[in-house]
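Below is one structure, written out as structure tokens; the observations come after it.
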């Protein structure tokens, strides 16, 4: 009897350890590699849009770009209605040479005067992210937000941001915006997000309760024999 009880407790311990261990390896999301104007908007975890200026900052409600287009065979893009109707422009340089200060294979957020363009990443699960953003190529202002919280802003020709181990709930968003350049606002924007998912606490507690109930039932069954 004693040996069996120890075995049951050992099982509970093993289950508890497995529950608190990392749920999975990190998933890596790359803005440029994942970019597409043929998979719809949103495109998986990525959305392409713009945010109206409020008190001089792009903090208005996120509005999705609604028109896919081709930039003269040189790049695939999203814009709002017809380009020039407001909103923004996001496009990927598909040529093997640089265009408008955008390197081959990279993506531009258009920050021309009067325009804002926002890349949004939406967390597909609870977890910790490592966020890395690099800008270049224009004098557009840059604005990074986690949901409604400002993470960083800058206005230089090159600006980078790194923030490791940020906890996010499922549905939380990272918004990266370029806006308000005095002239050409093509802004090369590189975003890499590594997500390590974690199980919800309620799931852990429910599973532990189930294991405990099973052990208790087993002991009661033995007592009746």
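In the numbering used here, the protein residues as written are 119 to 343.
Ideal Cβ placement from N, Cα and C applies to all residues, glycine included.
What you are looking at is a predicted structure, and each value in this text was computed from that prediction instead of being measured.
Where do the N-terminal and C-terminal ends of the alpha helix (DSSP H) with residue 152 fall, by residue? 149 to 152
Proximity to residue 257 [Cα-Cα], best of 154, 306, 293: 306
Three-state secondary structure (DSSP) of residue 313: Strand.
Please identify the residue among 297, 153, 251 whose C-alpha is closest to the C-alpha of residue 194. 153
With three or more beta-carbon pairs closer than 8 Å as the criterion, would you say the segment 181 to 197 touches the segment 261 to 277? no
With 16 as the cutoff for other CB atoms within 10 Å, does residue 268 come out buried or exposed? exposed
For residue 234, count neighbouring C-beta atoms within 10 Å of its own C-beta (all shown protein chains included) and say buried if the count is 16 or more, exposed if not. Counting C-beta atoms within 10 angstroms of its own C-beta, residue 234 has 16 or more neighbours from the protein chains shown and is therefore classed as buried.
What residues in its chain sit with their C-beta under 7 Å from that of residue 304, if we drop five residues either side in the sequence? 218, 219, 220, 226, 228, 255, 256
Can residue 185 and residue 206 be called in contact, C-beta distance under 9 Å? no
Looking at C-alpha atoms only, which residue of 315, 285, 155, 277 is the closest neighbour of residue 182? 155
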